[in-house]
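Asker: Going line by line, the protein sequences match chains A and B.
Add 1175 to the 1-based position in the first sequence for the working numbering, that's all there is to it.
Add 68 to the 1-based position in the second sequence for the working numbering, that's all there is to it.
Positions of the beta carbon are idealized from the N, C-alpha and C atoms, including for glycine.
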Amino acid sequence: MLEVILISSVKVIVVVVVLLTGCAYATYMERKVLAFMQHRIGPNYAGPFGLLQPIADAIKLIFKEDIVPDNVERLTYTLAPMISFVPAVLTFAVVPFSSKFTLFGHEITGVISDLNIGILFVFAVTSLGVYGILLGGWSAGSKYSLLGGLRASAQMISYELSYGLSIVGVIIIANTLSMVELVEQQSTIGSWFIWKQPLGFLLYITCAVAETNRSPFDLPEAESELVGGYHTEYSSMRFAQFFIGEYGNMLAVSAVAATLFFGGWQGPLLPPVVWFLIKVFCFMFLYIWLRATLPRFRYDQLMNFGWKVLFPLAIFNTLATGLWVLWLSDVIFGG
Amino acid sequence: MKEIMKAISRTIFKMPLGFLVTFKYIFKKPVTLDYPRKKKPMAPRYRGKHYLERYDDGTERCVCCGLCAAACPADAIYMEPEENENGERRAKIYEINLLRCIFCGFCEEACPEEAIFLGQEYEFSDYDRNSFIYTKEEMLVPHPRKDNPFKRIIRRVRRVYGVSESK
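(1) Give me the chain A residues within the contact set of Phe91(B), using Cβ-Cβ distance strictly less than 8 Å, ordered along the chain.
(2) For Arg1215(A), return the contacting residues in chain C, with the cut-off set at a CB-CB distance below 9 Å.
(3) Output the boundary residues of the alpha helix (DSSP H) element that contains Glu1248(A).
(4) List, in order along the chain, the chain A residues whose C-beta lies closer than 8 Å to that of Ile94(B)?
(5) Classify Ile1234(A): buried if its beta carbon has 16 or more other beta carbons within 10 angstroms, exposed otherwise.
(6) For Leu1503(A), count the other beta carbons within 10 Å of its own beta carbon; 16 or more makes it buried, fewer makes it exposed. Which is it?
(7) Between which two residues does the alpha helix (DSSP H) holding Thr1381(A) run?
(8) Near Leu166(B), which residues of its chain fall below 6 Å by C-beta distance, leaving aside the five closest residues on each side in sequence?
(9) For the candidate residues Gln1416(A), Val1269(A), Val1428(A), whose alpha-carbon lies nearest to that of Gly1339(A)?
(10) Looking at chain A, which residues of the segment 76 to 91 of chain B have a Cβ within less than 8 Å of any of its Cβ atoms?
(11) Just list the residues that DSSP pairs Ala170(B) with in beta bridges.
(12) Taking just the CA atoms, how far does Arg1215(A) sit from Pro210(B)?
(13) Count the other CB atoms, across all protein chains shown, that sit within 10 Å of the CB of Thr1253(A); report buried if there are 16 or more and exposed otherwise.
(14) Among the candidates Leu1309(A), Leu1377(A), Met1176(A), whose CA atom is the shortest distance from the CA of Leu1485(A)?
(15) Answer yes or no: do Thr1251(A) and Trp1313(A) have a C-beta to C-beta separation smaller than 9 Å?
(16) Would the beta-carbon of Pro1470(A) fall within 9 Å of that of Pro1395(A)?
(17) Given Gly1344(A), which residues of its chain have a CB within under 7 Å of its CB, disregarding the five upstream and five downstream residues?
(18) Using a C-beta cutoff of 9 Å, does Thr1434(A) count as contacting chain B?
(19) With DSSP collapsed to three states, give me the class of Pro149(B).
(20) Okay, do the segment 1289 to 1300 of chain A and the segment 1308 to 1325 of chain A touch, 3+ Cβ pairs below 8 Å being the bar?
(21) Tell me which residues of the segment 1444 to 1468 of chain A have at least one Cβ-Cβ distance to chain B shorter than 8 Å, keeping chain order.
(22) Could you give the DSSP three-state label for Leu1469(A): helix, strand or coil?
(23) Would you decide whether Ala138(B) is buried or exposed? Buried here means 16 or more other CB atoms lie within 10 Å of its CB.
(24) Tell whether a beta-carbon distance below 9 Å holds between Tyr1379(A) and Phe1414(A).
(25) Here's a check: name, in chain order, each residue in its chain whose Cβ is nearer than 7 Å to the Cβ of Cys179(B), leaving out the five neighbours to either side.
(26) Between which residues of its own chain and Tyr1342(A) is the CB-CB distance below 7 Å, once the five residues before and five after are set aside?
(27) Whole angstroms is fine: what's the gap from Met1331(A)'s alpha carbon to Tyr1462(A)'s?
(28) In its own chain, which residues sit with a C-beta less than 8 Å from the C-beta of Leu1465(A), not counting the 5 before and 5 after it?
(29) Closest to Glu1475(A) by CA distance: which of Met1257(A), Ala1255(A), Ser1274(A), Arg1326(A) is it?
(30) Could you name the residues of chain B that Asn1492(A) contacts, counting a contact when the two beta carbons are closer than 9 Å?
(31) Where does Tyr1334(A) sit, in a helix, a strand or coil, going by DSSP?
(32) Suppose the cutoff is 7 Å on Cβ atoms and the five residues either side in sequence are ignored; what does the same chain contact list for Arg157(B) look like?
(33) Rounded to whole angstroms, what is the Cα-Cα separation between Lys235(B) and Leu101(B)?
(34) Grab me the residues of Phe1418(A)'s own chain with a C-beta within less than 6 Å of its C-beta, minus the 5 sequence neighbours each way, in chain order.
(35) Taking its Cβ as the centre, do 16 or more other Cβ atoms sit within 10 Å of Pro1447(A), making it buried, or is it exposed?
(36) Would you please state the rounded distance, in angstroms, between the beta carbons of Ile161(B) and Met147(B)? I believe it to be under 8 Å.
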């Protein structure tokens, strides 16, 4: 029993540390890649190639004064950054990052908790993140923040449905909700679920970008119109928590995308963890690429796109997959 | 229906082109400079911070005639003359207020002795207003000679008409 607890705690610590470092270096990567895409140099002063920039930023944020404006709702103002930060970390509890491996004579599974409803847990938890943004926007007592929070909630409601429906296809095909089993079913490149669910993947990626409030769906933040949106009134570590929450969510969504559609840690030659990290990295790159390429949606365009395009497509995909699995595959391949 | 098909074809065929553009830019050379470390070479006739020229034997060219101060539209130059040990005229005080100066280069054009030039330096921000009073000692530091085509013409005219270049 003690052994199980010990192994689990070590795994938790390792995953959290890697995740937080990943968040820090995701900001570095974003700034650097974005700079290259815009013909700039990007951060290059702290350390070689600016590699210590995230650490410099972290130190700066820690030492900044924590300004609390007068007309804030104290309790929610304090809680909001934590609410947006925790779900991002929680997601990684069920994401398998490696196959089983032996270390110091102990057999260790490559996942913190092999929950049999893994995907459901992921989606339940990531949806909580919006409460942080909404409460942060509302409690700050500023017009910009309120508008940011309002947009965040409207956007979430519109995209949550398609987000949830986009992965139903995968679940129907795989016939399981456990993340570990999902990865095990995608042992070769040919059996990756993206080949069976291309539309589902596109829907998932689009909704995921909207869910994490990233450009081109960054309306809650909208630097050019709402100053900073929901985190306008936040400073110091509270702001940093929102920031880590945002990047943690990006990493979580990327990890889930890699697990659901690209076979998670499965891959030849390299160790499983490396494959997993490579896949997550590719998705992070995609995020930044999107930001560098596409302009922000207008509010009505966002709503139109969510309800009139994504939602019908998601329903169609779900129904088509269901029909395929139930009848058509039997009819065509003779079951 | 037609519009929907159009939108779909746009998404499939046109959108990747946009993504390709941003991707290609990763491999291009940045247009910005790593500024404080690397500096842009200035144009040869750039008008930056002033400097005073000397003769080859080290004596100052400036004779404190006051033409530069007279030419200065911003009234930035102040000078007082004195005699050196050979009994020749030179500037005792020669100050340029860089906060007044508009870097028009009229002083450079007005100078009959080819003594004052506008150099290449453009970084002289400071916290103290007084440090912008630029004195003679600061201006007399050795400086790469500025190649001014007009000055070359003037020098040639002087040679042709027998005005001596040396003092």
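Answerer: To lay it out plainly:
(1) Met1212, Trp1464
(2) The chain inventory of the structure shown lacks chain C, comprising the protein chains A and B.
(3) Glu1248(A) -> no alpha helix (DSSP H), and no H or E assigned at all.
(4) Val1208, Phe1211, Met1212
(5) exposed
(6) exposed
(7) 1373 to 1386
(8) Phe200, Tyr202
(9) Val1428(A)
(10) Gly86, Phe87, Val89, Thr90, Phe91
(11) Contrary to the premise, residue 170(B) reads as Ile rather than Ala in this sequence. Its beta-bridge partners do not exist; DSSP assigns none.
(12) 36 Å
(13) exposed
(14) Leu1377(A)
(15) yes
(16) no
(17) Gln1372, Gly1375, Asn1492, Thr1493, Thr1496
(18) no
(19) strand
(20) no
(21) Trp1464, Ala1467, Thr1468
(22) coil
(23) exposed
(24) no
(25) Leu135, Cys136
(26) In the sequence under discussion, the amino acid at residue 1342(A) is Ile, which differs from the Tyr named in the question. Around Ile1342(A): Ile1294, Gly1375, Tyr1379, Leu1435.
(27) 18 Å
(28) Val1384, Arg1389, Ser1390, Pro1391
(29) Residue identity differs from the one stated: residue 1475(A) is Asp in this sequence, not Glu. The shortest C-alpha separation from Asp1475(A) is found at Arg1326(A).
(30) Those within 9 Å of Asn1492(A) in chain B number zero; the least Cβ separation is about 15 Å.
(31) helix
(32) Val131, Cys132, Pro149, Glu151
(33) Residue placement at Lys235(B) is poorly supported in this model, since its pLDDT is 44, which falls under 50; the coordinates still yield a value, given next. About 44 Å.
(34) none
(35) buried
(36) 6 Å
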